[in-house]
Structure formats: structure tokens, C-alpha cells
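Working notes for the structure below.
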Amino acid sequence: GAVVSQHPSRVICKSGTSVKIECRSLDFQATTMFWYRQFPKQSLMLMATSNEGSKATYEQGVEKDKFLINHASLTLSTLTVTSAHPEDSSFYICSASVSWGTQYFGPGTRLTVL
Amino acid sequence: DQQVKQNSPSLSVQEGRISILNCDYTNSMFDYFLWYKKYPAEGPTFLISISSIKDKNEDGRFTVFLNKSAKHLSLHIVPSQPGDSAVYFCAASGDYGGATNKLIFGTGTLLAVQP
Chain A
1 GAVVSQHPSR VICKSGTSVK IECRSLDFQA TTMFWYRQFP KQSLMLMATS NEGSKATYEQ
61 GVEKDKFLIN HASLTLSTLT VTSAHPEDSS FYICSASVSW GTQYFGPGTR LTVL
Chain B
115 DQQVKQNSPS LSVQEGRISI LNCDYTNSMF DYFLWYKKYP AEGPTFLISI SSIKDKNEDG
175 RFTVFLNKSA KHLSLHIVPS QPGDSAVYFC AASGDYGGAT NKLIFGTGTL LAVQP
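These protein sequences, in sequence, are chains A and B. FYI, our numbering numbers position 64 of the first sequence as 64, with every residue one higher than the one before it. Basically our numbering = 1-based index in the second sequence + 114.
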């Protein structure tokens, strides 16, 4: 149980385009989903917390107009990187909260912006 | 300010021996701690957790110890297996800033189990 999927697993795009990443909880309903970013050899950095049916809460330093998060249902959250630039290239990981404090993670999405 | 620290970036252990991974935290409001295992280009996998009302939690080969007075936790893996080779992250959460299940991650420790 507690399986989280992400799509796509890898995406390469041109600078200036937008990219959407989906995160789904497959066998449970998640009221809260989280989006992280991991740069090489660094820890996971929380970008935003997403609650179903409400606006996401962004961490300090994360541009909400650049990283659009939608949590339309209890099993789906999407992250859209708008007007992507090479510095946005990173490994994006989502997680879903099942019980208090425990998060289950998706497999991640490798974004490369040319 | 790194609130969760893993001071050892890497650890090498022989197969069959014990692996001990350490984690320190600074925020006394943290009251729930977790360990995750991560392979390259994959999402973290939940291993084991402990709440602050306990000082030990065991699950198979994995045991987590919590020393609240020292703000220190450790993960013991015994016996270690080559398949345990991965990066291990500790994470903490608590009722601070209103987000009760937001996780703060350490920087990770790369464990290499030698056959």
C-alpha cells in the first residue's frame, strides 16, 4: 500500500516552455501532498505544501507564479513549471501524507531545460 | 540554518556487520522523526519512524533510537546487506509554524555495504 506515482519520469524541454508534472496517490486518498526539489548531492528541499481544494503554501524563496500547484482531488496534484529556464533543471519529487508525519514519495521527475 | 544534520556524508560497512547512521537536530519542537532510504534518480522510501514519546522503535533489521536530551537519533541496521547500500535521510516534523506534518530533511548519508 501507500504507492505514489509521478508522470513523466523524465522530461527535456526548451527554455521558455512550461512543463506539467503529475503526482498521484494510487491506493489511498491524500489530503496533503508535498513537492520537493533535489539538486545533485543535496538534500530534498520542500517547495510547497498542497492541500486538496485549497491554495498551496509555498516555502520561502519559491516563486508561486513560476511553480503552479493544483490539488484538484484527493489523489492528484500537479506542479507546472512555467517559462522554464536552465536553472530550473532539477529532480522534482512529490509525496503524499497518509498519516500524521509520514509521507510516501513518488519516484521523481528529472527535468532538463535546454 | 540546517535544523536537521547528518554529519557523516558517507559510511562503509562490511556485509553482516552493524551500520549506524546518526542524525542531530536543533529544533526542540520536533516530535516525530523518520528515516528514508533513497537510490539515485528515485524517490525516497520510508523505512521507520519514531515519535518523541518513545526512545526506541524496531522493525526487522532496522532500529531507530531517540535521545531527546541530546537531540540525537540514530538508525541501526543489523545485519547489513549489500542491498542496503543507498543514501539514508533522516527527517523531522513537529508542531512548529502551524504545519504539523511538514518534514525537514537532513543532508543524507551514503551507506556502502561491502560484500
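For glycine and all other residues, C-beta sits at the position ideal for the given N, C-alpha and C. For clarity, every value in this text was computed on a predicted model and none was experimentally measured.
Requested in this report: Under 7 Å between beta-carbons, which chain B residues line up against R110 of chain A? List them in chain order, please.
Outcome: Residue mapping note: residue 110 of chain A aligns to position 110 of the first sequence, counting from 1. Those are A155, listed as they occur along chain B.
Query raised in the report: I think I21 of chain A touches T78 of chain A, with their Cβ atoms under 8 Å apart; what is that distance to the nearest whole Å?
Result: In the first sequence, residue 21 of chain A corresponds to position 21, counting from 1. In the first sequence, residue 78 of chain A corresponds to position 78, counting from 1. That pair is a contact at about 7 Å.
Query raised in the report: To the nearest whole angstrom, what separates the beta carbons of Q120 of chain B and N136 of chain B, a pair I think is in contact under 8 Å?
Result: In the second sequence, residue 120 of chain B corresponds to position 6, counting from 1. In the second sequence, residue 136 of chain B corresponds to position 22, counting from 1. Contact holds; Cβ gap of about 7 Å.
Query raised in the report: So what's D198 of chain B in DSSP terms, helix, strand or just coil?
Result: For the purposes of this step, residue 198 of chain B is taken as residue 84 along the second sequence, with counting starting at 1. D198 of chain B falls in the helix class under three-state DSSP.
Query raised in the report: With distances taken from CA atoms, which of A:S95, A:D88, A:A30, A:G108 is nearest C13 of chain A?
Result: Counting from one through the first sequence, the residue named residue 13 of chain A turns up at place 13. Of the listed residues, the one whose Cα sits closest to C13 of chain A is A:D88.
Query raised in the report: So, E129 of chain B versus V227 of chain B, is the Cβ gap smaller than 7 Å?
Result: If you number the second sequence from 1, residue 129 of chain B lands on position 15. If you number the second sequence from 1, residue 227 of chain B lands on position 113. Going by C-beta atoms, E129 of chain B is nearer than 7 Å to V227 of chain B.
Report task. Thinking L44 of chain A and F219 of chain B are a contact (beta carbons under 8 Å), I'd like their distance in whole angstroms, please. Result -> For the purposes of this step, residue 44 of chain A is taken as the residue at position 44 of the first sequence. For the purposes of this step, residue 219 of chain B is taken as the residue at position 105 of the second sequence. About 5 Å; that satisfies the 8 Å criterion.
Query raised in the report: Counting Cβ pairs, one atom from each stretch, are 3 or more of them under 8 Å apart for the region 90-98 of chain A and the region 30-50 of chain A?
Result: yes
Query raised in the report: Given that a residue counts as buried once 16 or more other Cβ atoms are within 10 Å of its Cβ, and exposed if not, what is G208 of chain B?
Result: Position 94 of the second sequence, counted from the start, is the residue given in the question as residue 208 of chain B. Classification of G208 of chain B: buried, given that the 10 Å Cβ count is 16 or more.
Requested in this report: Rank A:V19, A:V4, A:H7, A:S9 by C-alpha distance to the C-alpha of P86 of chain A and give the top, closest one.
Outcome: Against the first sequence, residue 86 of chain A aligns to sequence position 86. When each option's Cα is compared against that of P86 of chain A, the closest is A:V19.
Query raised in the report: Using CA coordinates, which residue listed in B:L224, B:P229, B:Y202, B:L225 is at the minimum distance from L148 of chain B?
Result: Within the second sequence, the letter at position 34 stands for residue 148 of chain B. Minimum Cα distance to L148 of chain B is reached at B:Y202.
Query raised in the report: Considering only C-alpha positions, which residue in the set A:M47, A:L26, A:Y104, A:H7 is nearest to K66 of chain A?
Result: Locating residue 66 of chain A in the first sequence gives position 66, counting from the first residue. The candidate whose alpha carbon is nearest that of K66 of chain A is A:M47.
Query raised in the report: Which of helix, strand or coil does DSSP assign to A213 of chain B?
Result: The residue you call residue 213 of chain B lines up with position 99 of the second sequence. Any reading at A213 of chain B must be qualified, since the residue scores a pLDDT of 49, below 50, and its modelled position is unreliable; no value is offered.
Query raised in the report: chain A beta carbons: is any one of them nearer than 7 Å to that of T221 of chain B?
Result: Numbered from 1 along the second sequence, position 107 holds the residue referred to as residue 221 of chain B. Cβ-Cβ to chain A under 7 Å: yes for T221 of chain B.
**Report entry** Beta-carbon spacing of C23 of chain A, Q38 of chain A below 7 Å
**Finding:** The residue labelled residue 23 of chain A in the question sits at position 23 within the first sequence. The residue labelled residue 38 of chain A in the question sits at position 38 within the first sequence. For C23 of chain A and Q38 of chain A, no; Cβs fall outside 7 Å.
Report task. Flag L217 of chain B as yes if its beta-carbon sits less than 7 Å from any beta-carbon of chain A, otherwise no. Result -> Counting from 1 along the second sequence, the entry for residue 217 of chain B is found at position 103. It does; some Cβ of chain A falls within 7 Å.
Query raised in the report: Grouping DSSP H, G and I as helix and E and B as strand, with all else coil, what is E87 of chain A?
Result: Position 87 of the first sequence, counted from the first residue, corresponds to residue 87 of chain A. If DSSP states are grouped into helix, strand and coil, E87 of chain A belongs with the helices.
Report task. Measure the beta-carbon distance from T17 of chain A to A72 of chain A and round it to whole angstroms, keeping in mind my assumption that it falls under 8 Å. Result -> Position 17 of the first sequence holds residue 17 of chain A. Position 72 of the first sequence holds residue 72 of chain A. Going by Cβ atoms, the distance from T17 of chain A to A72 of chain A rounds to 22 Å, so no, they are not a contact pair.
Report task. Show which residues of chain A have a CB atom less than 7 Å away from the CB atom of F160 of chain B. Result -> For the purposes of this step, residue 160 of chain B is identified with residue 46 of the second sequence, where counting begins at 1. Chain A residues near F160 of chain B: T102, Y104.
Query - Length of the line joining the Cα atoms of T221 of chain B and T177 of chain B - result: Position 107 of the second sequence, counting from 1, holds the residue named residue 221 of chain B. Position 63 of the second sequence, counting from 1, holds the residue named residue 177 of chain B. Distance between the alpha carbons of T221 of chain B and T177 of chain B is about 20 Å.
Query - Sub-7 Å separation of A206 of chain B and F144 of chain B beta-carbons - result: Residue numbering aside, residue 206 of chain B sits at position 92 when the second sequence is read from its first letter. Residue numbering aside, residue 144 of chain B sits at position 30 when the second sequence is read from its first letter. Cβ distance < 7 Å, so A206 of chain B and F144 of chain B count as in contact.
Query raised in the report: Going by beta carbon distance, what residues of the same chain come within less than 8 Å of L217 of chain B, once the five residues before and after it are set aside?
Result: Working through the second sequence from its first residue, we reach residue 217 of chain B at position 103. Here the set comprises L148, A205, A206, S207.
Report task. Could you round the C-beta distance between S25 of chain A and V11 of chain A to whole angstroms and report it? I think they count as a contact, below 8 Å. Result -> The sequence position of residue 25 of chain A within the first sequence is 25, counting from 1. The sequence position of residue 11 of chain A within the first sequence is 11, counting from 1. About 21 Å separates the two Cβ atoms, so there is no contact after all.
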